[in-house]
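Residue numbers are given in full-length UniProt numbering: position 71 of the sequence shown equals residue 71, and the series is strictly consecutive.
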Amino acid sequence: MADNIKAVHTVLDQGECLTTEWQALIEFAARYYHHPLGMIALEALPKALRVLNARGEEPVMVAKSREHAFKLLAERSDPVAASKAGKTRSDKADKPVLNPEQGEAVAQFSNAQGFQPFLLYGVTGSGKTEVYLHTVEERLKRGEQVLVLLPEINLTPAAQALYKERLAPHRVVVMHSNLAELTRTKAWFEAATGAADVIIATRLGVLTPLPRLGLIVVDEEHDPSYKQQDGMRYHARDLALMLAKQREVPIVLGSATPALESWLKADQGAYKRLTLKNRAVLGASLPKVELINTANFPAKEGLSEPAMQALVQNFEAGKQSIVFLNRRGYAPQMVCNACGWVANCDHCTAHMVWHKNERMLRCHHCGAGQKVPTHCPTCGNQDLTGFGRGTQRIEETLGGLLPTANILRIDADSTRNKGQMEALLQQAHSGEADVLVGTQMIAKGHDFANVTLVLALNVDASLYSHAYRAPERLFAQLMQVAGRAGRRAGDARMVVQTRYPQHPLFDALKAHDYETFAHHEMQARKDARMPPFSHQATIRADHKKLANCLQFLSIARELGEPLVDADNPVFMCDPVPLTVVRVGGIERAQMLIESESRPALHRFLTQWLVQLHELPGGVRWFLEVDPVDL
1 MADNIKAVHT VLDQGECLTT EWQALIEFAA RYYHHPLGMI ALEALPKALR
51 VLNARGEEPV MVAKSREHAF KLLAERSDPV AASKAGKTRS DKADKPVLNP
101 EQGEAVAQFS NAQGFQPFLL YGVTGSGKTE VYLHTVEERL KRGEQVLVLL
151 PEINLTPAAQ ALYKERLAPH RVVVMHSNLA ELTRTKAWFE AATGAADVII
201 ATRLGVLTPL PRLGLIVVDE EHDPSYKQQD GMRYHARDLA LMLAKQREVP
251 IVLGSATPAL ESWLKADQGA YKRLTLKNRA VLGASLPKVE LINTANFPAK
301 EGLSEPAMQA LVQNFEAGKQ SIVFLNRRGY APQMVCNACG WVANCDHCTA
351 HMVWHKNERM LRCHHCGAGQ KVPTHCPTCG NQDLTGFGRG TQRIEETLGG
401 LLPTANILRI DADSTRNKGQ MEALLQQAHS GEADVLVGTQ MIAKGHDFAN
451 VTLVLALNVD ASLYSHAYRA PERLFAQLMQ VAGRAGRRAG DARMVVQTRY
501 PQHPLFDALK AHDYETFAHH EMQARKDARM PPFSHQATIR ADHKKLANCL
551 QFLSIARELG EPLVDADNPV FMCDPVPLTV VRVGGIERAQ MLIESESRPA
601 LHRFLTQWLV QLHELPGGVR WFLEVDPVDL
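As structure tokens, then:
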């Protein structure tokens, strides 16, 4: 074994930034998620600090030289002076006057001392962002740093612009995975040395060293995007809570539709819940929710007659509309009506999605693509058609319904290139767009002043999904997208097409009543002994042959059974293939481990993993603690 250990080539000395507090968080993450400590530490660092250059030197790459990086490190000794460096003064934008609910929240957050978790539950348009801005400003006056976490990259440009405008001359930096490596490294150094005052980041930002940390804000805390899906599968919201506890600072979790885990914590008194019941803009109101029963009004090309009438009326009134469909592409399937052939991915157990604009079939699991065939490969029939509807097809249908309207499609396809998202949102905010067609990318965080109609399509699949979190996610999506309407004036509408208007989820949606929905869903979870009333982990096995995956998991279960006893109440389910069993030519299976006791679950995992690491190789496997998808 000693022969395989390589000699130390050189020591990368970044100790000035990597504080004992940062190391403590990394060590906690390694223990909780049962992931190698070194791998977590490396994942938390910018790429420039993880590799050696061709000469084996330490590659500190900030701006254009190593010297600039060391200059930033030197500034760490004087955070106050560093925080003023390189700033330009500008006139601050006028601050909106807070209503009593907002003012009370700002007072509580600003005056909080030590570790105190808050749950800010506010309806869409209630001014949660304004509460954050006022609170952050108060914290900056004390010389503290503030970490603001957002769930998605596309929300960061608007947030960065707003925070810079309102908090000048304080230094605001952004951190996310789509930044150029040089830009991300520079932002990391400014945060880690104390030069940056406000750090706006996606989930990875929670692992950044922050020497002057005084407050953490987790916006849209319910969002599943906070859960990392590869490497160390951590939840940024949960790590942010641990970070706040370790550093003894307050943390604000904000949402119009809080995660049930957070709602239960507030019910139990572990979090202090503050509520914003009213919209912040005078005269604004929540949209009236109307249901269209597609059993009575069948959809033609995805739109029922009442839905089309609503869109036409809103366009003629000079107002903007949003058509929400959480499925991109033109059609989810391409089929042959003659023989029943379906275009499937050669590498995955999934259908290829027809992207008509690109004349391509694409797999949304592995990314494989191929040109649309001119005829059926089975029978030769040239009449191939699309089955189902995606955003591209709805965009085409709307073009025929509203030929003079400016229709914008906002999804992962239309915003693939740099700057496209910002350009499309600019058109939407300026009033140039009449109808926005989009996925969940437009459902949250955007303040569209002229939108008075939201139309939601294809929502029924989530009502009876096998995924136990599906109703919670659907309700959150519908509440969020409904909140884009009526943010400046009343008489706004949300129209939902569904074949199941009697479902209790829609009763709560019509009343904009998250509390009733949460109570109903919480009881269902409790009866089924599902999170947050139990704690789970999954072990997944990947191999070219499914039989090898299942065999590995069966052996793993046999090794774990002797560790389960009365003092270790843990239950291991049978190994099963994943719903989409093959992705990229690799077969996948998993096994669920659950317990009503979190400590018992982790004691079991600690002992069990020692034995699993001794098993022979051949099957790639990994553990996920607190999975959000099963």
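Ideal placement from N, C-alpha and C gives every residue a C-beta, glycine not left out.
Throw me the rounded Cβ distance for the residue i and residue j pair, which I believe falls under 8 angstroms.
i, j, result
"serine 126", "asparagine 278", "6 angstroms"
"glutamine 382", "glutamine 440", "About 36 angstroms separates the two Cβ atoms, so there is no contact after all."
"leucine 453", "leucine 463", "Leucine 453 to leucine 463, Cβ: 23 angstroms. No contact."
"alanine 236", "leucine 210", "Actually they are not in contact, since the Cβ atoms of alanine 236 and leucine 210 sit about 14 angstroms apart, beyond 8 angstroms."
"leucine 457", "glycine 302", "6 angstroms"
"leucine 424", "histidine 446", "That belief does not hold up - the Cβ atoms of leucine 424 and histidine 446 are roughly 11 angstroms apart, past 8 angstroms."
Can you check DSSP and say which residues form a bridge with residue i?
i, result
"tyrosine 121", "Ser255 and Thr275"
"threonine 498", "Asn293"
"cysteine 336", "Leu384"
"arginine 409", "Val437"
"leucine 623", "Ile539"
"proline 577", "Ala589"
"isoleucine 200", "Val148 and Val174"
"phenylalanine 324", "Gly438 and Ala456"
"arginine 487", "Its beta-bridge partners do not exist; DSSP assigns none."
"isoleucine 216", "Leu147 and Ile251"
"leucine 186", "Note that residue 186 is lysine in the sequence shown, not leucine. Per DSSP, none; premise fails for lysine 186."
"glutamine 370", "Leu361"
"leucine 303", "Lys300"
"aspartate 565", "Asn568"
"serine 595", "His535"
"lysine 227", "His235"
"asparagine 344", "His351"
Verify the contact flag: residue i, CB atom, against every heavy atom of the ligand COA, threshold strictly below 6 angstroms.
i, result
"proline 209", "No copy of the ligand COA appears in this structure; indeed no ligand is present at all."
Which of the three DSSP states is assigned to residue i in this structure?
i, result
"threonine 208", "coil"
"valine 8", "coil"
"glycine 86", "Low confidence applies to glycine 86: its pLDDT is 40, below 50, so where it sits in the model is not reliable, and the reading given next is rough at best. Here glycine 86 sits in coil by DSSP."
"leucine 402", "coil"
"residue 647", "Residue 647 is absent from the structure shown; the chain starts at 1 and stops at 630."
"phenylalanine 315", "helix"
"glutamate 396", "helix"
"serine 65", "Here serine 65 scores only 43 on pLDDT, less than 50, and its place in the model should not be relied on; the value that follows carries that caveat. In this structure, serine 65 counts as strand in the three-state DSSP scheme."
"serine 534", "coil"
"phenylalanine 28", "helix"
"alanine 81", "For alanine 81, the predicted structure reports a pLDDT of 38, less than 50, and the residue's modelled location is therefore unreliable. The matter cannot be settled from this model."
"lysine 356", "helix"
"glutamine 102", "helix"
"arginine 493", "strand"
"alanine 331", "strand"
"leucine 546", "helix"
"valine 97", "coil"
"histidine 235", "strand"
"aspartate 447", "coil"
"asparagine 417", "coil"
"arginine 557", "helix"
"arginine 166", "helix"
"valine 628", "coil"
"serine 262", "helix"
"arginine 582", "strand"
"lysine 510", "helix"
Nearest chain D C-beta to residue i closer than 7 angstroms, yes or no?
i, result
"histidine 520", "Absent from the structure is chain D; it holds one protein chain and no more."
Can you tell which of the options has the C-alpha that lies nearest to the C-alpha of residue i?
i, options, result
"aspartate 223", "Met334, Leu155, Pro209 and Leu282", "Leu155"
"alanine 180", "Tyr163, Leu402, Ala48 and Glu137", "Ala48"
"aspartate 411", "Gly438, Leu264, Ala428 and Phe387", "Gly438"
"aspartate 460", "Asn293, Lys128 and Lys300", "Asn293"
"lysine 356", "Phe506, Pro532, Trp341 and Val372", "Val372"
"lysine 319", "Ala295, Arg484, Gly386 and Leu384", "Arg484"
"alanine 564", "Asp629, Thr606, Met242 and Asp267", "Here the sequence assigns valine to residue 564, which means alanine is not the residue at that position. Among Asp629, Thr606, Met242 and Asp267, the Cα nearest to that of valine 564 belongs to Thr606."
"glycine 231", "Phe448, Ala30 and Gly585", "Ala30"
"glycine 388", "Glu21, Val628 and Ala331", "Ala331"
"arginine 409", "Met591, Leu630 and Ser321", "Ser321"
"valine 173", "Pro151, Gly205 and Glu152", "Gly205"
"leucine 45", "Phe189, Val198 and Glu305", "Phe189"
"lysine 300", "Leu578, Thr374, Leu398 and Ala112", "Leu398"
> Would the region 394–413 and the region 339–354 be scored as touching if the rule is three or more Cβ pairs under 8 angstroms?
Replying inline: With the cut-off at 8 angstroms, the region 394–413 and the region 339–354 do not touch.
>> Assess contact between the region 216–233 and the region 254–262, defined as three or more Cβ pairs (one per stretch) separated by less than 8 angstroms. Is contact present?
In response: With the rule of 3 Cβ pairs closer than 8 angstroms, the region 216–233 counts as touching the region 254–262.
> Is the region 133–151 touching the region 162–173, taking contact as three or more C-beta pairs under 8 angstroms?
Replying inline: Touching, yes, given that three or more Cβ pairs across the two stretches are closer than 8 angstroms.
> For the region 107–120 against the region 242–251, are there 3 or more C-beta pairs whose distance is under 8 angstroms?
Replying inline: At 8 angstroms Cβ cutoff, the stretches touch.
> Is the region 281–293 in contact with the region 489–497, if contact means three or more CB pairs nearer than 8 angstroms?
Replying inline: A contact exists between the region 281–293 and the region 489–497.
>> With three or more beta-carbon pairs closer than 8 angstroms as the criterion, would you say the region 501–511 touches the region 526–545?
In response: Contact between the region 501–511 and the region 526–545 is absent: fewer than three C-beta pairs spanning the two stretches fall below 8 angstroms.
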